[in-house]
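Asks:
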Amino acid sequence: MSSNPMTDRLQIIQVLCQDVRASYATMAAVIGVSEQTAARRYQSLIRDSVLRCTATLDHRTLGQPEWILRITPSSAGTKLAETLARHPDMSWVSITAAEVVCLYQPQSTADNDLMLTDRIRSISLVDSLDARQVLRRFPLRTPWPDLTATLDAAARSRLDALADPTFAIDRRGDKPTRHPDELTTDDKRLIALLTRDPRAPYSTLARATNLTPARIAARITDLTHSGVLRFDLEVDERKIGLTTSAAIWAGVPLHRLEPAGHALGAISEVQYVCATTGPTGLFATIGARNPDHLYQVLTNDIARIEDLHPVDLRADLRMLKRGRT
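Here is the structure:
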């Protein structure tokens with residue numbers, strides 16, 4: 015049992031990384047504390063805004079595009095970023111020294127066209143817009159470094175045995191698409207409920223939908239495996255010791271795009287990686303403990319990836335938004 019508050023936090027996060035819907039009983043069994051203690055630690059993470067569990071409908075699997083937007087502000091970058099962060103289709107918004115970077119996930123073709131052709135360009139604070147469509151997202155080894163060090167071998171073994179891999183957030187690569195017509199009315203109702211409470215018990219969801227708990231469990235598993243429904247964690251990295259973050263745009267020959275994307279995703283400090291349109295081809299975000307740690311990631315890990323030529327590295331000054339809120 016740990017007496018270090020940071021370790022206590024990281025242990026809970028480690029469990030949730032492998033199973034966002036892990037019960038308090040599972041957390042307790044893995045960490046070696048009482049169920050009440052596990053619940054208290056989890057609730058403190060929520061109360062202190064360290065993390066938030068999420069469940070979202072992945073519109074890309076239903077045919078909608080996803081974009082990385084690089085926006086150069088004409089003057090007040092913070093004001094522009096705050097304006098963009100208020101839009102529900104902006105999944106995250108960060109500020110670097112020279113630009114605002116956003117992940118834009120439109121819910122419809124009409125929303126997509128209007129946002130990229132009119133809305134953003136009409137904002138007086140925008141000097142230029144570079145929109146790059148996400149072509150493929152690559153799976154991650156783990157979204158935050160050094161988490162495994164918080165659990166000993168026995169605890170990791172218990173976690174592997176108890177966690178449901180369906181809800182592991184390190185399986186966030188692209189999955190087979192399915193047509194929107196395959197989403198039933200029950201599916202849409204279930205997804206809406208999970209969006210509000212991703213950790214709602216099957217029994218609670220069953221009462222709200224008039225379905226059986228077994229049917230609820232089967233549908234959630236099917237929707238998650240198909241990629242339509244995604245469970246995730248939004249973590250304030252600064253509160254778990256990752257004070258330095260950066261975005262990297264890297265060029266790579268087309269025949270190396272797939273292996274390079276997977277190689278980036280295998281680096282524990284890489285938090286998101288995708289292939290995009292545009293002159294570079296790959297985009298990734300990195301979380302590190304400090305500038306020296308970031309330097310080591312660049313020179314020891316990223317530099318070893320064959321044919322990868324980072325062309326632009328931008329340190330994040332501030333993250334305004336994480337996820338659709």
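Here the sequence shown is numbered in the numbering used here, starting from 15 and rising by one per residue.
Glycine included, every Cβ here is placed at the ideal spot set by N, Cα and C.
#1: Check Thr209 in the structure and name its three-state DSSP category.
#2: Express the C-alpha separation of Pro79 and Val148 in angstroms, rounding to a whole number.
#3: Should Met20 be labelled buried (16 or more other beta-carbon atoms within 10 Å of its own) or exposed?
#4: Considering Ile45, what are the terminal residues of the alpha helix (DSSP H) in which it resides?
#5: Does DSSP put Cys327 in a helix, a strand or coil?
#6: Using DSSP with H/G/I as helix, E/B as strand and the rest coil, what is Phe181?
#7: Would you report the Cα separation of Val34 and Arg213, rounded to the nearest angstrom?
#8: Thinking just about the alpha-carbon of each residue, which of Ile82, Trp81 and Cys31 is nearest to the one in Cys67?
#9: For the beta strand (DSSP E) holding Ser89, just list the boundary residues, first then last.
#10: Helix, strand or coil: how does DSSP classify Val29 here?
#11: Assign Glu248 to one of three DSSP states: helix, strand, or coil.
#12: My output table needs one value for Leu271: the three-state DSSP class, helix, strand or coil.
#13: I'd like the span of the alpha helix (DSSP H) that includes Asp236, first residue to last.
#14: Per DSSP, what are the beta-bridge partners of Gln57 in this structure?
#15: Given this structure, state the Cα-to-Cα distance separating Ala260 from Asp306, to the nearest angstrom.
#16: Check the DSSP bridge columns for Ala169 and list the partner residues they point to.
#17: Are there 16 or more other CB atoms within 10 angstroms of the CB of Glu272, so buried, or fewer, so exposed?
#18: Is Gly292 helix, strand or coil by DSSP?
#19: Any contact of the region 245–258 with the region 293–303, i.e. 3+ C-beta pairs under 8 Å?
#20: How big is the Cα-Cα spacing for His101 and Val107?
#21: Taking just the CA atoms, how far does Arg244 sit from Ala39?
#22: Would you call the CB atoms of Pro277 and Arg155 closer than 8 Å?
#23: In three-state DSSP terms, what is Leu322?
#24: Can you have a look at Lys335 and say buried or exposed, based on whether 16 or more other CB atoms are within 10 angstroms of its CB?
#25: With a threshold of 6 Å on Cβ separation, who are the neighbours of Asp326 within its own chain once the five nearest residues in sequence on each side are excluded?
#26: Three-state secondary structure (DSSP) at Leu256?
#27: Can you tell me the Cβ-Cβ gap for Gln25 and Thr164, rounded? I've got them flagged as a contact below 8 Å.
#28: Take the Cβ of Arg55 as the centre, count every other Cβ of all protein chains shown within 10 Å, and call the residue buried at 16 or more, exposed below.
#29: Quick one: what does DSSP say Leu197 is sitting in, helix, strand or coil?
#30: Excluding the five sequence neighbours on either side, which residues of its own chain have a C-beta within less than 6 Å of the C-beta of Asp144, listed in chain order?
Replies: Per the coordinate set shown:
#1: helix
#2: 7 Å
#3: exposed
#4: Tyr38 to Ile45
#5: Inspection of the sequence shows that residue 327 is occupied by Leu rather than by Cys. Strand at Leu327.
#6: helix
#7: 7 Å
#8: Cys31
#9: Where Ser89 is concerned, there is no enclosing beta strand (DSSP E), given that its DSSP letter is neither H nor E.
#10: helix
#11: strand
#12: helix
#13: Pro227 to Ser240
#14: Its beta-bridge partners do not exist; DSSP assigns none.
#15: 13 Å
#16: Partner(s): none; Ala169 has no beta bridge.
#17: exposed
#18: coil
#19: yes
#20: 10 Å
#21: 23 Å
#22: The sequence shown places Ala at residue 277, rather than the Pro named in the question. No. Outside cutoff.
#23: coil
#24: buried
#25: Trp263
#26: coil
#27: 5 Å
#28: buried
#29: coil
#30: Arg84
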